[in-house]
Each structure stands twice: as C-alpha cells, then as structure tokens.
C-alpha cells in the first residue's frame, strides 16, 4: 500500500487540511481504518478520476469525501459515516456551498456497508473504499481488519474471521465497470482461497 498521496497538487486545500487534522488525532488501535487506508482510497479515486476524465469540480468533491470518509472513527466505529459528516461540517462550510456539502455527504454515506450508492460518483467512492477486496494485498490488509475486530470484541477466533470474510465477499458486488473489470476476478479467487481454509463442521 502506498503511504503518500499521488498527485498531491491536484487535491483541494480543504482535503489536505482535513487530512492533517486526522493525522494529529488518529488512534493507533485503528490498524485497518488507518491514515494509510484513507490515502489508499484517495489514490484509488484518483485512478477513477483519470480513467473517467471527471471534471475538476466533481473530482475535488470526490477527493474531499475520500479523505473524509472514515473520520467518524475518531468518535466511534458505530455509525461513523454520520459522525464523520458532523465532524467535517465546520471544514466544509468554510469553502463549499450547500449543494457541494450535500454531495460530499452523499459520497461518504455511500461507503456505509451494505453499500447503496445512488450516483455514479458515489459508486466510485464505494468501489474505491473496498478496492482491496480484489487486490493482491488483500491478505495483509485483512489481518489488520481482524486486529480491529479483536480490539472491539467483535470476533474471538480466526475461524470466525474466515467465515465473516466468506460471507462478506459472497455478498459484495462492485458497482463501476472499471472495478468489475479490474477487481472482480481476483476477489473471487480470494474467496475460494478463504473457503478452502475453513474446516468442515463435524
């Protein structure tokens, strides 16, 4: 996973201000939902922005939402999307109008699982947030997510974690044509690999 923003100069100052705010406050127990994850999602969004030649105004809103989408974890993992929307409101009001703020809020809400994006740009951020499901670094990142689940007492055993992964991967679908073409095949291979590790019930 890349540890820095690609094409940093393309980001609006607002998104960089929010990222700086997050870096100062981010808790160490968030091993998956980390600043590195935020940067990863933003970089993936940049790939979509280039691929689909998205205009600068909408690209800026996507980048702001990508940087902000998990900021609610500073407060709680429960309903973190809505908490994050409230957390960034003072930042957004300084530079965005009501329509733009509503767009950013919709983008953030589109990352809530199960994902239900309602616009093409929401589909982009939703797919970027779960891009790793169809990548070669899936196993590395899933271990970090498992650590979080252990921290929050969501799971206790690796056997439980294997089943959670199977259920999630089986019920997940990418939204954009780009993700379906570039991520779905690897995601299905990963699913089969995880299934092969589950011991049959006696």
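Numbering (our numbering), first residue to last: 460 to 661.
Built from N, CA and C at the ideal position, the CB exists for glycine as well.
On a predicted model such as this, the values are computed, not experimentally measured, just so you know.
Extent of the continuous alpha helix (DSSP H) run through residue i
| i | result |
| --- | --- |
| residue 609 | 597-610 |
| residue 564 | 557-568 |
| residue 641 | 636-656 |
| residue 571 | Taken as a continuous stretch (DSSP letters only), residue 571 belongs to no alpha helix (DSSP H), as it is neither H nor E. |
| residue 464 | Element bounds for residue 464: n/a, residue is neither H nor E. |
| residue 581 | 579-588 |
| residue 621 | 617-630 |
Buried or exposed by the 16-neighbour rule on C-beta atoms within 10 Å, applied to residue i
| i | result |
| --- | --- |
| residue 658 | exposed |
| residue 578 | exposed |
| residue 481 | buried |
| residue 651 | exposed |
| residue 619 | exposed |
| residue 474 | buried |
| residue 524 | buried |
| residue 587 | buried |
| residue 492 | buried |
| residue 591 | buried |
| residue 602 | exposed |
| residue 497 | buried |
| residue 646 | buried |
| residue 487 | exposed |
| residue 556 | exposed |
| residue 549 | exposed |
| residue 648 | exposed |
| residue 438 | Residue 438 lies beyond the stretch modelled for the chain, which goes from 460 to 661, so this question has no answer here. |
Residue i and residue j closer than 8 Å at C-beta
| i | j | result |
| --- | --- | --- |
| residue 581 | residue 635 | no |
| residue 477 | residue 547 | yes |
| residue 593 | residue 535 | no |
| residue 526 | residue 501 | yes |
| residue 654 | residue 625 | yes |
| residue 600 | residue 566 | no |
| residue 465 | residue 505 | yes |
| residue 540 | residue 568 | yes |
| residue 584 | residue 528 | yes |
| residue 604 | residue 656 | no |
Scan the segment 475-550 and note each continuous alpha helix (DSSP H) run of 4 residues or more that stays entirely inside, going in chain order. 494-510 and 515-527
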